[in-house]
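Note that our numbering has the sequence shown beginning at 204, numbered continuously upward.
Working notes for the structure below.
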Amino acid sequence: MAAVFAGLAGWYGAAVHGDLSAGDGVPDWVEARTAEKVLDREFGAAPANLVLVVRAGHGTGAVRDALPVDGLALTSVGEQITRLLAGEPDVAHIQSYWATRSPALRSRDGGTALVMARLQGTESQATQAAQRLLPRLTRARPGVRVLAHGEAVIRAAILEQTRRDQIRGELLALPATVVLLLIVFRSAVAALLPAAVGALAVAGTSAVVRAVSAWTEVSAYAYCITTALGFGLAVDFCLFLLSRYREETAAGADKTAALRTTLRTAGRAVLYSAGTVSLSLAALLVFPNSLLRSVAWTGITIVLLAAAGSLLLVPAALALLGAYVDGFDVFACWRRRTEPGPASRGNLGVWGRCAARVLRAPAPVGVAVIALLVVLAAPFAHVRFGLFDDRALPPSEPSAIAGEVLRADFDFPRLVNRTSVVLGDFDVRRRSADLDAYARTVSAQPGVRQVDTATGTYRHGVRLPQPRAATSPRGSAAAPAHGPVPGTVPHFAAERGAWLAVTPNMEAYTPAARDLVRTLRGLPAPGAVLVAGPGAMLADVQDMLAGRIPLAAVLVASTMLGLVLALTRRPVLALKALVLNTLSLCATFGVIVFVFQDGHLASWVGGFTATGSTDALEPVLVFALAFGLSMDYEIMLLARICEEYDRTLDGPAAIVSGIDRTARLFTWAALTFAVVMAALASSGLILLKIAGVGLAVAVLMDATVVRGVLVPAVMGLVGRANWWTFRARPGPCSSGRADVRQADGTHTNG
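Below, the structure is given as structure tokens:
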């Protein structure tokens, strides 16, 4: 049945990439989106989302001819592109250098010119139109190179890049994972089981995502991240089950008894772990953002499939194969075979001996580890939130090259980074003096370079003299160098409204652009104000996140506490788990800022373009994913420690034994998961790189430094309080000896 399910799901889900979205997930009701709709509906002034960069040659360096854009070759191509776009029903309006001869559409060195267009419809419709048009617009031409930029083009490039990256990531992760599992299990049969369950979970999720995408938007980012997450978790779950089964059989249990014990202990822990990760992801559903919600429900789907596959297929395979599960040891010829044995003071592994030493001096060790985590978290103190643009793509991507050309050779803020201020319920004919005064006030604000509106062009609080307008071939005014770009503003005034084009002095999607928008929204205005543009989008996204983060944090904290309490019945252990996970997560955030915002160690993760800011959605995404994964390992560890304590009533021995029996497993599980995340980090998209690196760092640090060193240090300091419980009966992780536990915790040995 599993094979049939995998085959059908894989067949149906194979075409899922064609149904994914590359949008930012920002809801339509935020002010920036509302202002864009008003601009388009009332003024026909929505910003261009397709920008074609036409230049001589095939490189990206300086142009050699004096004025090649006015030469025969580039003029022919430019006019051809303009005619092609003019005949497309998806194009709302066009601005072409070869139609207006506007200096604003020609580069400073005269070697490059632009054709700008607005693709109408929703984000998805504009992206599909760009995918259809780009092959014809950017096809190879002798002596001419055409590069594409704009939001619709960037989204199309992201979709294609995610498709390529996922295929490459799977080809990298699967063989590397199998090799690691061969080293861990020393058996080809045992190593292939986790890989098979992981592949089954990915296939099932692909089918579910394709089915759901018919009626709701599913992010390509979410699909890539969660499929990697699900594969890694499936391997982890199988690793825990197989290791416990082999431990039981090595201790002399028969196959049936070993399976029963495995499912009662490790199987229960797998259920709780899947619930932990799922509930952590569910916190993303409180955000009104389709990208985050896509991560939530696709992640929950694949985590549940991974858990179901592990708990159903692994026991069935073990019952069917029996001793053959340990067959085909491919490394037997050069590695000495070792079997797990009962933990004792004289028979401990590396991590068990480490825990024993930590318990002898828990205070200095705990302080040292906490200091290390604080140092790692320190860069997060200077985090600068923004939103990624074309620089999220690989530097070699044509859209990213086009962005470099636009920033270097054109007035990028004026062409692409425009902030639009819409005045509603305003009659320009009767209140032109009010509009003039407001435009002067706006142009005088710090960070504003220029303001264009119906009453003129303004700089530094002064209206500039109006030059004589020239008529363009399309019938619109070809504006001078200090006026609006021709074609981008068909009119600044409508029957009951007006708008202002504000040219900022800063990059798009930066904190400075966000602060400027908040200043503009707070200025006294002659009408109702709506602000659109990159800075406005960033401000709205941050406000949206800030309003829901407290609720998400409370939900995650309360559900995690509840799960750990349900498993252990011990509130001190639950609180300790929450605090240590939070500390570990802060260290992960610090590493993300150090690498991706500050640009350190970029070559270690495949190279990227650092923008000096961190995408505002990434910390929320990493928080939900990493917190659930960290608690996953915590639950596995606490389940084993509680089991040992309920059996022996010896606190220090239970800590050492629990860590000794799980730490090696955690290390290999974390290493295997990190390999899967490294494949994700090999992506050319910086958003996937951040997720891959952040989750790999979180899991490796949590499975080694936190679980192997900090946990025994903290539990050693807490002492007898670790074992206090408010119920005088064994918890779910107990071995069943209710007579050895007391509600007041007095029968303990530390």
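Even glycine gets a Cβ: it sits at the ideal position worked out from N, Cα and C.
- With 16 or more neighbouring CB atoms inside 10 Å of its own CB, Gly569 falls in the buried class.
- A residue is called buried when at least 16 other Cβ atoms come within 10 angstroms of its Cβ; Gln669 does not meet this threshold and is exposed.
- DSSP places Thr907 outside any beta strand (DSSP E), giving it a letter other than H or E.
- Taking all protein chains in view, the Cβ of Gln328 is surrounded by fewer than 16 other Cβ atoms within 10 Å, so the residue is classified as exposed.
- With contacts defined by Cβ atoms closer than 9 Å, Cys845 and Thr762 do not form a contacting pair.
- Cβ contact annotation for Asn252 (same chain, cutoff 7 Å, sequence separation greater than five): Arg321, Leu322, Ala329, Gly353, Glu354 and Ala355, in chain order.
- The alpha-carbon separation between Val608 and Ala742 amounts to approximately 27 Å.
- Close CB contacts of Val506 within its chain, under the 8 Å cut and outside five residues either way in sequence, are with Leu432, Gly433, Leu436, Ala477, Val480, Ser481 and Leu484 (chain order).
- DSSP places Pro597 outside both helix and strand once states are collapsed to three, so it counts as coil.
- For Leu703, the beta-bridge partners assigned by DSSP are Val624.
- In the structure shown, Met204 adopts coil according to DSSP, grouped into three states.
- Taking the Cα of Ala873 as reference, the smallest distance to any Cα among Ala584, Arg850, Ala360 and Leu832 is reached at Leu832.
- Taking a C-beta distance under 9 Å as the contact criterion, Asp612 and Arg342 do not qualify as a contact pair.
- By alpha-carbon distance to Ala404, the top candidate from Gly210, Ala884 and Asp231 is Gly210.
- Taking all protein chains in view, the Cβ of Ile361 is crowded by 16 or more other Cβ atoms within 10 Å, so the residue is classified as buried.
- Burial check for Ser446: the Cβ neighbour count within 10 Å reaches 16 or more, so the residue is buried.
- Where Thr315 is concerned, the enclosing beta strand (DSSP E) starts and stops at Thr315 to Leu322.
- Residues Ala486 of the same chain have their beta carbon placed closer than 6 Å to that of Leu758, with the five preceding and five following residues left out of the count.
- Under the DSSP definition of a beta bridge, Val734 partners with Val624.
- Residue ranges of uninterrupted alpha helix (DSSP H) with 4 or more members, entirely inside the segment 387 to 429 and ordered along the chain, are 391 to 415.
- Assigned with DSSP and collapsed to three states, His220 falls in helix.
- The DSSP-derived three-state label of Ala866 is helix.
- For Gln334, the enclosing alpha helix (DSSP H) starts and ends at Glu326 to Leu340.
- Around the C-beta of Asp368, 16 or more other C-beta atoms lie within 10 Å, and the residue is accordingly described as buried.
- Under the rule that a run must span 3 or more residues, the beta strand (DSSP E) segments found entirely inside the segment 267 to 312 read 294 to 299.
- DSSP lists Gly700 as the beta-bridge partner residues of Ala697.
- Ala564 has its alpha-carbon roughly 23 Å from the corresponding atom of Arg843.
- The C-beta of Tyr527 has fewer than 16 other C-beta atoms within 10 Å across all chains shown, which makes the residue exposed.
- Secondary-structure assignment with DSSP links Thr817 through a beta bridge to Phe588.
- Per DSSP, Leu487 is not a residue of any alpha helix (DSSP H), being assigned neither H nor E.
- Judged by DSSP in its simplified three-state form, Val759 adopts helix.
- By the neighbour-count criterion, in which a residue is buried when 16 or more other Cβ atoms sit within 10 angstroms of its Cβ, Gly887 is buried.
- Boundaries of the beta strand (DSSP E) harbouring Asp655: Val651 to Thr656, taken from the DSSP string.
- Taking C-alpha positions only, Phe797 is separated from Thr644 by approximately 39 Å.
- Secondary structure of Gly802 (DSSP, three-state): coil.
- Per DSSP, the beta-bridge partners of Gly659 are Thr656.
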